[in-house]
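J.: Before I ask anything, here is the structure I am working with.
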Amino acid sequence: TLFTAACASQKVDMAQSTVGLHQPKQTYPAHESAKEAVVNANLSSLQPTEARIIEKLTMADLIVLTLKYNSTLAAFNDEIRSRDALIMQSGLLPNPSLSIDTENFAGRNDLRGFDGAETTISVAQLIELGGKRSKRSRMAAMEKDVAVWEYESRKLDILNDAAKVFIHVLALQEQAALNEDLVKLATKTFAAARDRVEAGKVSPVEKDRAQIELASSRSEANKVNRELNAAQRRLASFWERIHVKFEKVAGSLSKMEPPVSEEQIRDRLDLNPDFSRWRTEIQRREAALELARSLSLPDVSVRLGIRHFQETDDSAVVAGVEIPLPFFDRNQGGIREAHANLAKTRQESRAADIEAHTVLYETLQRLNASHEEAVTLRDEILPGATGAFEAVESGYREGKLNLMQVLDAQRALFFVRRQYLQALELYHIARSDLERLVGGPLKSSLKSMTDKNY
């Protein structure tokens, strides 16, 4: 689909997970023309204060605008930057402390004033044992990796949602064009009925029926136009940080791929970033357990300083070591909590795997059912309905059939055309959902994917 073709061109390489990579470098699908690439480059370089109107919005335009100007994705980028800051903070050494102590002053006799005072200036440093600092840094790095995969998952969610709204807008455009045809046909039928009434060939009731049918078709057309305007606004909300409007979307719903079996794509679920996130989350929980175990080992504080004896004007070095005795607190609760969290995450990962396979099966059923329905309507039902309407219309012009038969055939034809359009929309939405599940296009090659081939 266009959605996955554009997504593939924007994929972030997890092996190079740095903050900069979460603002994807702009590349374009292999099928995209140089002119389209220039348009997309211009879109990605727009400033938030700029306004622009696009005559025809393509799926590639949608991907560029959403990735660049979606507030939710921008918030994830900020989250990843905050995790980088935590990595830096977790690797810092504890600050040393400076201590100044004065003893034996302001007493009596020989200790009057500062005559017998002893002043000590010392520096103390906490030394973390058990590899706490490295384990803390690894924990922070794993938290960043989880955030990166959450970004990747959320990015695909948003792009999939945007693609489905795009498909809906495209379907509404087709529906609006279909309604326009229906209004034209109803107008033509009304004119024919009026002429026949004026010629005294039929009852005036036929003119009234044709007029009602015309008014009904106009009302339906206005309803779809309102829905189309609302859907266009919904689509534009995916790039709310920039003022870019469009007149219509470009594409075609008629192109479909052969049905897909569960066996063909079951293994592709591993490409889903949700699964990568769960694997990373388990590693993070394991790192948290290692850190909790290291906290059971007490840290050592060493002190070194110099003491001045005021009475003799002598000085001497002082040193000390402070070691907490782990008689009571050995972080037993923290270790148990880390064990429980690890077990919980593993269970959640298994549940997510089962849920993903269930959703995969359900989505495949939707995809193949809508594909079968669309093919049946296109190849079997639609030609028959079209032929029947043309025959009835010809018979009406020749005076062999009445208006009710024409209107019935007209309704049947446009009902089938709407069914076909709805089946195509459901097919492309299901395919987009399926490609979201497997984390990429169903085809191994993008060469056959064009702006008219989802």
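According to this note's numbering, the sequence shown is numbered sequentially starting from 48. Glycine included, every Cβ here is placed at the ideal spot set by N, Cα and C.
1. Quick check: the stretch 117–133 against the stretch 196–216, are there 3 or more CB pairs under 8 Å?
2. How should residue 222 be labelled, buried or exposed, when 16 other C-beta atoms within 10 angstroms of its C-beta is the threshold for buried?
3. Can you name, in chain order, every residue of its own chain whose Cβ lies under 8 Å from the Cβ of residue 329, other than the five neighbours on each side?
4. What three-state label does DSSP hand residue 365 in the structure shown?
5. Going straight from the alpha carbon of residue 180 to that of residue 174, what length do you get?
6. I need the boundaries of the beta strand (DSSP E) containing residue 162, first residue and last residue.
7. State the Cα-Cα distance for the pair residue 460 and residue 429, rounded to the nearest angstrom.
8. Would you please state the rounded distance, in angstroms, between the beta carbons of residue 138 and residue 169? I believe it to be under 8 Å.
9. Out of curiosity, what's the CA-to-CA distance linking residue 142 and residue 346?
10. So residue 147 is in the beta strand (DSSP E); what residue range does that whole segment cover?
11. What residue range does the alpha helix (DSSP H) around residue 120 cover?
12. With distances taken Cα to Cα, identify the nearest neighbour of residue 255 among 450, 480, 486 and 322.
13. Below 8 Å CB to CB, which residues in the same chain sit around residue 292 once its five sequence neighbours on both sides are set aside?
14. Skipping 5 residues on each side, what residues in its chain have a beta carbon closer than 8 Å to that of residue 333?
15. If the criterion is Cβ atoms closer than 7 Å, does the pair residue 217 and residue 298 meet it?
16. When you compare the CB positions of residue 182 and residue 338, do they come within less than 7 Å of one another, or not?
17. With distances taken between CB atoms, is the gap from residue 306 to residue 418 smaller than 7 Å?
18. Mind checking whether residue 127 and residue 210 have CB atoms under 7 Å apart?
19. Pick out whichever of 166, 319, 355 and 323 has its Cα sitting closest to the Cα of residue 483.
20. Looking at the unbroken alpha helix (DSSP H) that takes in residue 202, where does it start and where does it end?
21. Closest by CA to residue 438, which one among 456, 423, 427 and 130?
22. By Cβ distance below 6 Å, which residues in the same chain neighbour residue 116 in space, the five residues on each side in sequence not counted?
23. Any idea what DSSP makes of residue 169, helix, strand or coil?
24. Return the bridge partner residues of residue 296 from the DSSP annotation.
25. What are the boundary residues of the beta strand (DSSP E) that includes residue 353?
26. Using 8 Å for Cβ pairs, my map puts residue 342 next to residue 381. What's the rounded Cβ distance?
27. Please classify residue 214 as buried or exposed, where buried requires at least 16 other C-beta atoms within 10 Å of its C-beta.
28. Among the residues of its own chain, which have a CB less than 8 Å from the CB of residue 190, if the five just before and after it don't count?
29. Report yes or no: do three or more beta-carbon pairs, one from the stretch 420–429 and one from the stretch 463–472, lie closer than 8 Å?
30. I need the straight-line Cα distance from residue 257 to residue 431, nearest angstrom please.
31. Sort 489, 238, 107 and 149 by Cα distance to residue 310 and report the nearest one.
32. Measure the alpha-carbon distance for residue 370 versus residue 171 and round it to whole angstroms.
33. Return the chain-ordered list of same chain residues with a C-beta closer than 7 Å to the C-beta of residue 312, the five sequence neighbours on each side being excluded.
34. Between the Cα of residue 463 and those of 440, 356, 424 and 436, spot the shortest distance and give me the residue it belongs to.
35. Which of the three DSSP states is assigned to residue 249 in this structure?
36. Does the distance from the C-beta atom of residue 165 to that of residue 350 stay below 7 Å?
T.: Taking the structure as given:
1. yes
2. Here residue 222 refers to the residue found at position 175 of the sequence shown. So residue 222 ends up on the buried side.
3. Numbered from 1 along the sequence shown, position 282 holds the residue referred to as residue 329. Here the set comprises 389, 392, 393 and 396.
4. Here residue 365 is taken as the residue at index 318 of the sequence shown, counted from 1. Note: residue 365 maps to strand in three-state DSSP.
5. Numbered from 1 along the sequence shown, position 133 holds the residue referred to as residue 180. Numbered from 1 along the sequence shown, position 127 holds the residue referred to as residue 174. For residue 180 and residue 174, the distance between alpha carbons rounds to 10 Å.
6. Against the sequence shown, residue 162 aligns to sequence position 115. Unbroken run through residue 162: none, as it is neither H nor E.
7. On the sequence shown, position 413 is the one that residue 460 refers to. On the sequence shown, position 382 is the one that residue 429 refers to. Computed Cα separation, rounded: 7 Å.
8. Position 91 of the sequence shown, counting from 1, holds the residue named residue 138. Position 122 of the sequence shown, counting from 1, holds the residue named residue 169. About 27 Å; that fails the 8 Å criterion.
9. As a working note, residue 142 is residue 95 in the sequence shown. As a working note, residue 346 is residue 299 in the sequence shown. In a straight line, the C-alpha of residue 142 is about 14 Å away from that of residue 346.
10. As a first step, residue 147 must be located in the sequence shown, where it is residue number 100. Residue 147 -> beta strand (DSSP E) spans 144–150.
11. Along the sequence shown, read from residue 1 onward, the residue named residue 120 stands at position 73. Its alpha helix (DSSP H) spans residues 118–137.
12. To locate residue 255, count along the sequence shown from 1; it is residue 208. For residue 255, the nearest C-alpha among the options comes from 450.
13. Numbered from 1 along the sequence shown, position 245 holds the residue referred to as residue 292. Cβ within range, chain order: 98, 99, 100, 101 and 283.
14. In the sequence shown, residue 333 corresponds to position 286, counting from 1. Correct list, in chain order: 389.
15. One-based indexing of the sequence shown puts residue 217 at position 170. One-based indexing of the sequence shown puts residue 298 at position 251. Going by C-beta atoms, residue 217 is nearer than 7 Å to residue 298.
16. Residue 182 sits at position 135 when you count from the first residue of the sequence shown. Residue 338 sits at position 291 when you count from the first residue of the sequence shown. A contact, by the Cβ cut-off of 7 Å.
17. Along the sequence shown, read from residue 1 onward, the residue named residue 306 stands at position 259. Along the sequence shown, read from residue 1 onward, the residue named residue 418 stands at position 371. Closer than 7 Å, so yes.
18. On the sequence shown, residue 127 is found 80 positions in, with the first residue counted as 1. On the sequence shown, residue 210 is found 163 positions in, with the first residue counted as 1. No. Outside cutoff.
19. The count along the sequence shown starts at 1 and reaches residue 483 at position 436. Minimum Cα distance to residue 483 is reached at 319.
20. Locating residue 202 in the sequence shown gives position 155, counting from the first residue. Its alpha helix (DSSP H) spans residues 179–245.
21. In the sequence shown, the residue the question calls residue 438 occupies position 391. The residue with the shortest Cα to Cα distance from residue 438 is 456.
22. As a position in the sequence shown, residue 116 is number 69, starting the count at 1. Cβ within range, chain order: 286, 288 and 289.
23. Position 122 of the sequence shown, counted from the start, is the residue given in the question as residue 169. Looking at residue 169 - three-state DSSP - the assignment turns out to be strand.
24. For this step, residue 296 is matched to residue 249 along the sequence shown. According to DSSP, which records beta bridges pairwise, residue 296 is partnered with 104.
25. Looking up residue 353 in the sequence shown gives position 306. Run containing residue 353: 347–356, per the beta strand (DSSP E) assignment.
26. Position 295 of the sequence shown, counted from the start, is the residue given in the question as residue 342. Position 334 of the sequence shown, counted from the start, is the residue given in the question as residue 381. So it is a contact: roughly 6 Å between Cβ atoms.
27. Within the sequence shown, numbered from 1, the residue matching residue 214 stands at position 167. Classification for residue 214: buried.
28. Reading the sequence shown from its first residue, position 143 is the one you call residue 190. Closer than 8 Å at Cβ, skipping near neighbours: 130, 133 and 331.
29. yes
30. Within the sequence shown, numbered from 1, the residue matching residue 257 stands at position 210. Within the sequence shown, numbered from 1, the residue matching residue 431 stands at position 384. Distance between the alpha carbons of residue 257 and residue 431: 24 Å.
31. Translated into positions along the sequence shown, residue 310 becomes position 263. Comparing Cα-Cα distances from residue 310 to each of 489, 238, 107 and 149, the minimum goes to 489.
32. Along the sequence shown, one-based indexing puts residue 370 at 323. Along the sequence shown, one-based indexing puts residue 171 at 124. Straight-line Cα distance between these residues: approximately 13 Å.
33. Locating residue 312 in the sequence shown gives position 265, where the first residue counts as 1. So the list reads 485 and 489, once near-sequence residues are dropped.
34. Along the sequence shown, read from residue 1 onward, the residue named residue 463 stands at position 416. Answer by Cα proximity: 424.
35. Numbered from its first residue, the sequence shown carries residue 249 at position 202. It is coil, neither helix nor strand.
36. Position 118 of the sequence shown, counted from the first residue, corresponds to residue 165. Position 303 of the sequence shown, counted from the first residue, corresponds to residue 350. No; because the gap between Cβ atoms is not below 7 Å, this pair is not in contact.
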